[in-house]
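One structure below.
Residue numbers (the working numbering), protein chains in the order written: chain A, 4 to 255; chain B, 112 to 353.
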């Protein structure tokens with residue numbers, strides 16, 4: 004072996020070792036500070052982890068843009084939904100008077116709230132944009148109860164890390180981290196543009212996260228569950244979920 | 112040492128870092144292009160301003176079928192949805208491209224690569240005329256071109272490196288709802304989210320045009336030697352350019 008290639012061999016070897024060990028340290032730190040999303044496995048894991056970690060470091064507390072009233076879309080587009088279940092239709096025929104939101108999991112006092120119970124909390128109204136992963140968007144005024152107000156009232160336990168939320172419709176659920184669950188703009192929306200939230204837009208109750216793509220804003224919410232693990236509740240990894248194969252963190 | 116001496120007497124046409132970042136960019140760009148087309152198919156309509164959807168008039172439409180039945184594409188069928196993996200790969204490739212671009216940019220400033228090799232050395236109209244005339248005659252590159260870029264190449268590369276790539280990254284980020292919450296001016300300065308999406312598309316088309324011409328020029332001036340220069344760095348030998 005000639006001198007030059009031996010020197011080169013040592014150099015490349017040292018660089019590789021340094022690279023691999025710094026990656027290992029970075030991975031360990033990322034895990035410790037909650038910068039690794041639950042769908043970090045597989046070939047898309049590194050990109051997904053970089054995206055999620057970057058947002059958790061740089062934009063954890065930032066607020067989604069809110070717009071002036073004159074920018075509210077005259078043509079909001081209600082995306083298609085699967086035919087509604089009999090359970091939903093029963094509640095709909097009763098004017099949603101019996102609609103209940105169950106708040107459960109790692110909370111001090113689990114609660115079951117009707118829509119009028121929800122309206123006794125402080126109300127937040129925000130004019131934000133709905134952004135679909137397909138590319139289209141619209142702006143609407145969303146009125147509802149901040150999720151953090153509800154969570155505060157039931158007392159979230161210290162070990163809580165994620166929130167899983169369920170639609171009344173089968174197989175429709177999703178999960179977010181506690182940073183997003185407690186974000187001031189994360190709303191349990193029950194009104195839109197000054198009317199009760201229309202069914203086509205997720206009424207009577209929709210969880211809206213304006214800092215993530217539309218598919219994270221599950222319609223017809225009846226249950227939220229605080230947990231320390233999202234194992235089994237990651238749509239990206241669940242073939243039954245309509246969001247199967249779609250990244251868990253949709254803030255991009 | 113002695114066995115490799117003849118080649119090593121000449122500096123490589125492209126340095127190792129340029130070659131590495133070049134090919135990372137190539138792989139990322141192809142991945143971004145394929146997945147970008149897949150994402151585009153789910154809504155092949157473009158708008159200007161902040162909002163736009165199937166109920167609002169488009170700025171222009173791409174006359175292709177869509178992977179969503181909610182889009183009025185004019186076709187009687189719907190293509191299969193490939194957005195899940197396409198989106199994962201699009202953003203992963205975007206990271207690779209951005210990081211490679213960052214390394215290349217710092218290196219280019221540090222080693223004065225941009226100033227020496229990309230900023231036009233001969234900025235006279237005569238130089239322009241000479242190069243354009245030669246292209247119009249379809250004449251082969253002259254001896255100087257074998258070792259450095261001519262004025263048209265330099266301007267094109269500057270445009271790609273300092274305008275098109277930064278613009279495509281900026282408009283891409285401006286479509287991220289979470290990025291926009293942290294840096295709202297990034298999208299507002301572009302005139303809104305849908306404007307950002309439209310510019311992202313148009314810049315991508317420009318980059319594809321660049322790619323086509325780039326590969327065409329390589330094919331014309333000697334595909335094998337050009338590829339060798341960019342893969343192994345192998346110094347150019349003049350007879351291959353004739």
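Cβ atoms here follow ideal geometry from the backbone N, Cα and C, with glycine treated the same way.
Values in this document were obtained by computation on a predicted structure and should not be read as measured data.
(message) Is the separation between the beta-carbon of residue 68 of chain A and that of residue 132 of chain A shorter than 8 Å?
(response) Their beta carbons are under 8 Å apart, which means residue 68 of chain A touches residue 132 of chain A by this criterion.
(message) Please report the distance separating the alpha-carbon of residue 254 of chain A from that of residue 235 of chain B.
(response) Spanning the two alpha carbons is a distance of roughly 49 Å.
(message) Am I right that residue 230 of chain A and residue 167 of chain A are in contact with their C-beta atoms under 8 Å? What's the rounded C-beta distance?
(response) 6 Å
(message) Buried or exposed, going by whether 16 or more other CB atoms sit within 10 Å of the CB of residue 42 of chain A?
(response) Classification of residue 42 of chain A: buried, given that the 10 Å Cβ count is 16 or more.
(message) Assuming the contact rule is C-beta atoms closer than 8 Å, residue 114 of chain A and residue 126 of chain A should be a hit. Round their C-beta distance to whole Å, please.
(response) Not quite, the Cβ-Cβ distance comes to about 18 Å (not below 8 Å), so this is no contact.
(request) Confirm, please, whether the CB-CB distance from residue 157 of chain B to residue 309 of chain B is below 8 Å. (result) yes
(request) Run down chain B in chain order and give the residues with a C-beta less than 8 Å from the C-beta of residue 258 of chain A. (result) This structure does not reach residue 258 of chain A, given that chain A is present from 4 up to 255, and the question cannot be answered.
(message) Please classify residue 195 of chain A as buried or exposed, where buried requires at least 16 neighbouring CB atoms within 10 angstroms.
(response) buried
(message) Just to confirm my understanding: we take residue 74 of chain A, look at its own chain, exclude 5 residues before and 5 after, and list those with CB closer than 8 Å. What are they?
(response) 130, 142
(request) Provide the residue span of the beta strand (DSSP E) that contains residue 176 of chain A, from first to last. (result) 176-180
(request) Quick one: which residues of the segment 62-83 of chain A get their C-beta closer than 7 Å to a C-beta of chain B? List them in chain order. (result) 62, 65, 66, 67, 68, 74, 76, 78, 80, 82, 83
(request) Taking residue 280 of chain B as part of the alpha helix (DSSP H), name the residues at either end of that continuous run. (result) In this chain, the alpha helix (DSSP H) harbouring residue 280 of chain B covers 276-284.
(request) Would you mind telling me which residues of chain A sit closer than 8 Å to residue 295 of chain B, beta carbon to beta carbon, in chain order? (result) 68
(request) Assign residue 170 of chain A to one of three DSSP states: helix, strand, or coil. (result) strand
(message) Short of 7 Å Cβ to Cβ, which residues in the segment 126-160 of chain A face chain B?
(response) 132, 134, 136, 137, 138, 139, 140, 141, 142
(message) Alpha carbons only, please: which of B:244, B:255, B:265 is nearest the one belonging to residue 225 of chain B?
(response) B:265
(request) Starting from residue 128 of chain A, trace the beta strand (DSSP E) both ways and give me its first and last residue. (result) 127-134
(request) Please name the residue in A:93, A:153, A:213, A:85 whose C-alpha comes closest to that of residue 102 of chain A. (result) A:93
(request) Spell out a yes or no on whether the segment 250-263 of chain B and the segment 16-32 of chain A are touching, meaning 3 or more CB-CB pairs, one atom from each, closer than 8 Å. (result) no
(request) Determine, using beta carbons only, whether residue 163 of chain B and residue 305 of chain B come nearer to each other than 8 Å. (result) yes
(request) Would you mind sorting residue 109 of chain A into buried or exposed? The rule is 16 or more other CB atoms within 10 Å of its CB. (result) buried
(message) Quick check on residue 234 of chain A: buried or exposed, where buried means 16 or more other Cβ atoms within 10 Å of its Cβ?
(response) exposed
(request) Check the Cβ of residue 130 of chain B against every Cβ in chain A and list those closer than 9 Å, keeping chain order. (result) Chain A residues near residue 130 of chain B: none, gap ~15 Å exceeds 9 Å.
(request) Please list, in chain order, all residues of the same chain as residue 112 of chain B whose beta carbon is under 7 Å from its beta carbon, the five residues on each side excluded. (result) Low confidence applies here, because residue 112 of chain B scores a pLDDT of 40, under 50, leaving its location unreliable; read the following figure in that light. Taken in chain order, the list of residues that qualify is empty.
(message) Are the CB atoms of residue 301 of chain B and residue 293 of chain B within a distance shorter than 8 Å?
(response) no
(message) In this structure, how does DSSP classify residue 184 of chain B when only helix, strand and coil are distinguished?
(response) Residue 184 of chain B falls in the coil class under three-state DSSP.
(message) Determine whether the beta carbon atoms of residue 1 of chain A and residue 203 of chain A lie at a separation below 8 Å.
(response) Absent from the model: residue 1 of chain A. The displayed extent of chain A is 4 to 255, so no value can be given.
(message) Under DSSP, the beta strand (DSSP E) around residue 149 of chain A begins and ends at which residues?
(response) 140-149
(message) Looking at the strands, I want to know which residues DSSP matches up with residue 232 of chain A.
(response) Paired residues: none, contrary to the question.
(request) Tell whether a beta-carbon distance below 8 Å holds between residue 339 of chain B and residue 329 of chain B. (result) no
(request) Verify the CB distance criterion: does residue 249 of chain A have a CB-CB separation below 8 Å to chain B? (result) Flagged as an interface residue toward chain B: residue 249 of chain A, by a C-beta distance shorter than 8 Å.
(message) Just verifying my parser: in three-state terms, what is the DSSP assignment at residue 254 of chain A?
(response) coil
(message) Quick check: the segment 143-159 of chain B against the segment 190-208 of chain B, are at least 3 beta-carbon pairs closer than 8 Å?
(response) yes
(message) By the three-class DSSP mapping on this structure, what secondary structure does residue 239 of chain A have?
(response) helix
(message) Any C-beta of chain B within less than 7 Å: which residues of the segment 45-59 of chain A qualify?
(response) 47, 49, 50, 51, 53, 54, 58
(request) Could you tell me whether any Cβ in chain B is nearer than 8 Å to the Cβ of residue 255 of chain A? (result) yes
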